[in-house]
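Chemist: Starting off with a structure, shown below.
In mature numbering (1 follows the signal peptide of the UniProt record, and there is no 0), the protein residues as written are -17 to -1, 1 to 374.
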């Protein structure tokens, strides 16, 4: 009884085509925690970014959840938390080498002897799926729909992957670091820039040329933008006998972060040997003499030397967008002491303390005002010094 049924099934299969069943694994992300939103002081964006929060740009807000922020407040959010999940399903498709609506067409009879390109994985043509002759794996993978290639010579199936993309089809994301570095050099040639400098752990000169003394020893925002696209945080080493070895500088540009502490340079926790250049995603790290130079495509260049001097140069494109101890870059030194809340500080100590990173060092006390007499723009020879001449 079973034998006739089996023979009938085989005959029916041969009559309607060459079908094969295989198990397909589906990968997806399952949400385990919903999106979170909040309003926080803009000066503390870096602190919250370390906790996994992101700046809530207009395009990422959910409809109906937007609240107009107050002065000095920025909307932030945490993306939904997800975890990977998989499940299997059985699918029926044409066997390798067969195609057509009913899997009755032998592809190797009229296809190119060199190979065949499929719009599905594992060289299994689905009904009405796209497939065509292709002379090579690279040719197949250059098609937007190309997923796998059947090698007629070796009778094997090869899957398309990123390394098989032709040069002309390289994803734009892979070209961004180089484009960013070149863009930075071009920007420096086309636009005037302003430079903020700090040296000796208490001298500061803003982008607009205002010179002041600040004796803080906590962690502060030295310079950055309100959207946190880049930031430079500083913990001075003014209570250390060797300032250059006690200072901590954290430079963030886009997704990249460079930490300079005790003369050591590290990227995402990995130590960078002195003198070894790095080209990261949107950030380049170079050594020029005694200076470490960090630059990218964001209109800012950060330079640091062995004595603890730091200079930050910004393009004209960042006019009116900077904040922190380097002040607001707008050509007006009189409003450089702008606090995170929008108020204008009178004393340098009040201004400096306002840019302290929240909860950075719980036991760190606010700085007191330095001796008077060194406020205002530099009009002596010190103003004309190059960063490398700072002592």
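For glycine and all other residues, C-beta sits at the position ideal for the given N, C-alpha and C.
1. How many whole angstroms separate the CB atoms of residue 308 and residue 274, which I take to be in contact at a CB cut-off of 8 Å?
2. Nearest-angstrom Cα distance between residue 65 and residue 195?
3. Anyone know if the C-beta pair for residue 239 and residue 231 falls short of 7 Å?
4. Taking residue 378 as the reference, give the member of 77, 300 and 31 with the closest Cα.
5. Among the residues of its own chain, which have a CB less than 7 Å from the CB of residue 210, if the five just before and after it don't count?
6. Short of 7 Å in beta carbon distance, which residues of its chain neighbour residue 15, apart from the five on each side in sequence? Order them along the chain.
7. Going by C-alpha distance, which of 187, 261, 259 and 177 is nearest residue 300?
8. Comparing C-alpha positions only, which one of 17, 201, 329 and 197 sits nearest to residue 351?
9. Just to confirm, is the Cβ distance from residue 69 to residue 126 under 7 Å?
10. Which one of 237, 288, 212 and 219 has the shortest CA to CA distance from residue 248?
11. Pick helix, strand or coil for residue 335, following the three-state DSSP scheme.
12. Alpha carbon to alpha carbon, what distance is there between residue 140 and residue 129?
13. Residue 58: buried (16+ other C-beta within 10 angstroms of its C-beta) or exposed?
14. I'd like the list of long-range same chain contacts for residue 293, defined as Cβ closer than 8 Å, with 5 residues on each side in sequence excluded.
15. List, from N- to C-terminal side, the beta strand (DSSP E) runs of 3 residues or more that fit wholly inside the stretch 224 to 285.
16. Just tell me which of 102, 89 and 103 has its CA closest to the CA of residue 135.
17. Hey, quick one: how far does the beta strand (DSSP E) through residue 57 stretch, first residue to last?
18. Alpha helix (DSSP H) containing residue 121: first to last residue?
19. Report the option in 132, 55 and 142 whose CA atom is closest to the CA atom of residue 80.
20. Residue 33: which of 347, 341 and 13 sits nearest, CA to CA?
21. How would you write the range of the beta strand (DSSP E) that residue 200 sits in, first residue to last?
22. Going by the DSSP bridge assignment, what does residue 21 pair with across the sheet?
Modeler: Well, looking at it:
1. Translated into the one-based positions of the chain shown, residue 308 becomes position 325. Translated into the one-based positions of the chain shown, residue 274 becomes position 291. With a Cβ gap of about 20 Å, residue 308 and residue 274 do not count as contacting.
2. Residue numbering aside, residue 65 sits at position 82 when the chain shown is read from its first letter. Residue numbering aside, residue 195 sits at position 212 when the chain shown is read from its first letter. About 48 Å.
3. Your numbering for residue 239 matches position 256 in the chain shown. Your numbering for residue 231 matches position 248 in the chain shown. No. Outside cutoff.
4. The structure shown has nothing for residue 378, since the chain only spans -17 to 374.
5. What you label residue 210 is simply residue 227 of the chain shown in a count that begins at 1. Answer for residue 210: 38, listed in chain order.
6. Reading the chain shown from its first residue, position 32 is the one you call residue 15. Same-chain partners within the cutoff: 64, 65 and 66.
7. Mapped onto the chain shown, residue 300 falls at position 317. Measuring from the Cα of residue 300, the nearest candidate turns out to be 177.
8. As a working note, residue 351 is residue 368 in the chain shown. Residue 351 has its Cα closest to that of 197, out of 17, 201, 329 and 197.
9. Translated into the one-based positions of the chain shown, residue 69 becomes position 86. Translated into the one-based positions of the chain shown, residue 126 becomes position 143. Not in contact: residue 69 and residue 126 (Cβ atoms no closer than 7 Å).
10. As a first step, residue 248 is located in the chain shown; it is residue number 265 there, counting from the start. Of the listed residues, the one whose Cα sits closest to residue 248 is 288.
11. One-based indexing of the chain shown puts residue 335 at position 352. Here residue 335 sits in helix by DSSP.
12. For this step, residue 129 is matched to residue 146 along the chain shown. For this step, residue 140 is matched to residue 157 along the chain shown. Spanning the two alpha carbons is a distance of roughly 13 Å.
13. Residue 58 sits at position 75 when you count from the first residue of the chain shown. Buried.
14. Your numbering for residue 293 matches position 310 in the chain shown. So the qualifying residues of the chain are 180, 181, 182, 205, 215, 217, 232, 285, 286 and 287.
15. 231 to 236, 239 to 244, 247 to 250, 261 to 263, 266 to 271 and 274 to 279
16. As a first step, residue 135 is located in the chain shown; it is residue number 152 there, counting from the start. The residue with the shortest Cα to Cα distance from residue 135 is 89.
17. Counting from one through the chain shown, the residue named residue 57 turns up at place 74. Unbroken beta strand (DSSP E) run through residue 57: 56 to 61.
18. Here the question's residue 121 lines up with position 138 in the chain shown. It spans 120 to 124 - the alpha helix (DSSP H) in which residue 121 sits, taken as one unbroken run.
19. Your numbering for residue 80 matches position 97 in the chain shown. Among 132, 55 and 142, the Cα nearest to that of residue 80 is on 132.
20. Along the chain shown, one-based indexing puts residue 33 at 50. Residue 33 has its Cα closest to that of 341, out of 347, 341 and 13.
21. Along the chain shown, read from residue 1 onward, the residue named residue 200 stands at position 217. From DSSP, residue 200 is part of no beta strand (DSSP E); its letter is neither H nor E.
22. Within the chain shown, the letter at position 38 stands for residue 21. Answer is 59.
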